[in-house]
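Residue numbers (my numbering): 12 to 468. Following: one structure in structure tokens, then a few remarks.
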Ligand SMILES: Cc1ncc(COP(=O)(O)O)c(C=O)c1O
């Protein structure tokens with residue numbers, strides 16, 4: 012795709028334009044690009060990424076966003092509504108995560124810009140928590156399947172990460188976790204559910220271990236929080252992973268995923284305000300004035316917070332349950348489809364994000380299967396160790412007929428992989444990381460800067 016994906020349709024801006032362009036012309040360009048790019052999700056062929064896909068819902072959120080897009084939530088004297096939105100989003104998310112089970116009702120939270128920030132902040136908190144107890148060389152123990160946002164936080168904050176193995180069901184192996192914990196362990200982490208396979212780690216056992224050792228436990232519900240939380244109400248035997256487990260000290264859940272909000276928001280909940288206090292940053296004597304900030308960002312748009320709030324209150328519990336019912340049902344249908352092919356096997360016991368790979372007996376390359384699916388416009392996510400793909404079911408995938416179409420194309424994809432046995436697959440395990448291919452090359456080779464890759468005018 013390269014650095015200039017629209018070079019054949021629109022002029023490339025190579026330097027600051029002298030004169031402005033008419034708004035109508037700019038809007039036409041924007042509309043043309045977004046229409047092309049959004050078309051596959053309307054067909055229901057995309058795994059993850061677009062969680063609501065309801066155009067009327069998005070139009071409503073965009074209208075809400077427009078009222079506050081220019082507002083800076085740091086200026087609470089100008090925009091007290093941000094305080095209302097933030098407080099109410101946290102209250103609703105705490106309710107969903109059974110904050111009522113916390114003795115004394117001390118549950119609290121913060122809003123962040125997304126899942127990664129909701130994973131990084133608690134690591135800072137747990138490092139500071141360790142410092143208060145004389146731990147100068149802190150470590151975090153988590154299964155290999157935990158999201159790299161935790162590795163990133165640990166890297167930024169100087170925390171050693173100890174990676175535990177997973178069982179043959181692809182969830183945290185508790186013997187392995189236990190063997191890695193020592194007197195410098197400040198926290199454990201587990202997921203509900205994991206990105207690679209959509210599975211729920213044994214959070215109850217992690218909670219017991221955290222209590223036994225007197226340490227913290229973060230539950231990464233960034234991806235699964237806002238969908239798995241409804242599972243028990245819908246009658247699915249989803250294991251408990253929230254504040255009902257007394258060892259859980261923090262939970263992240265992304266409003267911009269299954270919360271159906273606009274991109275750029277997530278909720279981070281803490282069991283106590285004492286923990287949350289450790290992520291605040293305050294400079295009382297700065298010449299610019301008393302500086303107080305709850306997290307990593309400075310200025311933030313009020314529009315994002317307002318639209319996350321609007322998403323939650325417009326759908327209500329009833330709305331979330333209805334969409335979740337469709338997602339759980341579709342994921343169960345998908346599991347059946349995959350299981351109907353003897354060449355494939357479903358990994359673990361998933362409820363919304365279904366990972367599958369080829370059986371050893373079949374000897375097929377799952378990425379050849381995925382290559383073919385790509386030609387039919389399906390966009391599944393390739394994962395590795397072992398090689399597999401996942402199909403994370405979101406609302407657009409629940410449309411009638413989507414899973415039936417998938418069954419047909421999957422059958423043909425298996426024929427393709429059989430016929431092309433031994434040839435190299437084009438697809439592989441790649442987590443979309445927000446970098447251009449040029450930047451990835453730069454990062455990997457360590458020499459090519461994306462800006463140096465400008466093609467000649
Ligand atoms: C389990 C899990 N945690 C955290 C994240 C990070 O979220 P974000 O991309 O919003 O930073 C993701 C993203 O997919 C995820 O799947």
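Every residue, glycine too, gets a C-beta built ideally from N, C-alpha and C. None of these values were measured; they are calculated from a predicted model.
Span separating the alpha-carbon of residue i from that of residue j
i: residue 58; j: residue 391; result: 5 Å
i: residue 138; j: residue 317; result: 32 Å
i: residue 440; j: residue 56; result: 18 Å
i: residue 413; j: residue 314; result: 33 Å
i: residue 306; j: residue 123; result: 7 Å
i: residue 421; j: residue 344; result: 14 Å
i: residue 397; j: residue 377; result: 10 Å
i: residue 19; j: residue 39; result: 16 Å
i: residue 35; j: residue 436; result: 44 Å
i: residue 362; j: residue 180; result: 14 Å
i: residue 117; j: residue 71; result: 34 Å
i: residue 28; j: residue 21; result: 15 Å
i: residue 128; j: residue 159; result: 11 Å
i: residue 68; j: residue 178; result: 40 Å
i: residue 260; j: residue 87; result: 28 Å
i: residue 346; j: residue 401; result: 11 Å
i: residue 350; j: residue 385; result: 20 Å
i: residue 131; j: residue 161; result: 6 Å
i: residue 373; j: residue 354; result: 5 Å
i: residue 93; j: residue 84; result: 6 Å
i: residue 243; j: residue 215; result: 16 Å
i: residue 416; j: residue 186; result: 42 Å
i: residue 103; j: residue 268; result: 16 Å
i: residue 188; j: residue 145; result: 23 Å
i: residue 6; j: residue 319; result: Past the boundaries of the shown model lies residue 6; the chain is included only from 12 to 468, so the question cannot be answered.
i: residue 303; j: residue 121; result: 14 Å
i: residue 465; j: residue 24; result: Low confidence applies to residue 465: its pLDDT is 41, below 50, so where it sits in the model is not reliable, and the reading given next is rough at best. Taking the straight line joining both Cα atoms gives about 11 Å.
i: residue 429; j: residue 370; result: 13 Å
i: residue 462; j: residue 13; result: Because residue 462 sits at a pLDDT of 40, beneath the cut-off of 50, its placement in the model cannot be relied upon, and the following sentence gives the value as read from the coordinates. Whole-angstrom Cα-Cα distance: 12 Å.
i: residue 248; j: residue 209; result: 15 Å
i: residue 300; j: residue 293; result: 11 Å
Buried versus exposed call for residue i [16 or more other C-beta atoms within 10 Å across all chains shown]
i: residue 62; result: buried
i: residue 105; result: buried
i: residue 148; result: exposed
i: residue 26; result: exposed
i: residue 45; result: exposed
i: residue 409; result: buried
i: residue 165; result: buried
i: residue 339; result: buried
i: residue 82; result: buried
i: residue 64; result: buried
i: residue 290; result: buried
i: residue 221; result: buried
i: residue 141; result: buried
Test item: CB-CB of residue i and residue j under 8 Å
i: residue 151; j: residue 183; result: no
i: residue 4; j: residue 296; result: Outside the modelled stretch of the chain, which goes from 12 to 468, sits residue 4, for which no answer is possible.
i: residue 262; j: residue 236; result: yes
i: residue 90; j: residue 312; result: no
i: residue 275; j: residue 125; result: yes
i: residue 365; j: residue 418; result: no
i: residue 227; j: residue 192; result: no
i: residue 332; j: residue 239; result: no
i: residue 1; j: residue 254; result: Residue 1 lies beyond the stretch modelled for the chain, which goes from 12 to 468, so this question has no answer here.
Closest by C-alpha distance to residue i, when choosing among the options
i: residue 279; options: 97, 42, 294; result: 97
i: residue 337; options: 386, 85, 406; result: 406
i: residue 60; options: 141, 171, 233, 220; result: 233
i: residue 74; options: 223, 348, 322; result: 322
i: residue 258; options: 85, 272, 229, 286; result: 229
i: residue 204; options: 387, 360, 418; result: 360
i: residue 358; options: 114, 49, 185, 206; result: 206
i: residue 256; options: 15, 113, 383, 304; result: 113
i: residue 212; options: 252, 245, 342, 246; result: 252
i: residue 380; options: 176, 365, 403, 431; result: 431
i: residue 176; options: 193, 196, 227, 153; result: 153
i: residue 119; options: 227, 31, 287; result: 287
i: residue 342; options: 404, 240, 135, 32; result: 404
i: residue 399; options: 332, 375, 300, 110; result: 375
i: residue 335; options: 168, 241, 192; result: 241
i: residue 218; options: 202, 248, 210, 208; result: 202
i: residue 425; options: 368, 290, 395, 388; result: 368
i: residue 388; options: 54, 156, 238, 13; result: 54
i: residue 111; options: 281, 382, 332, 270; result: 281
i: residue 135; options: 309, 163, 156, 155; result: 163
Closer than 7 Å: residue i CB and nearest ligand 2 heavy atom
i: residue 62; result: Within the structure as shown, ligand 2 is missing, the only ligands being ligand 1.
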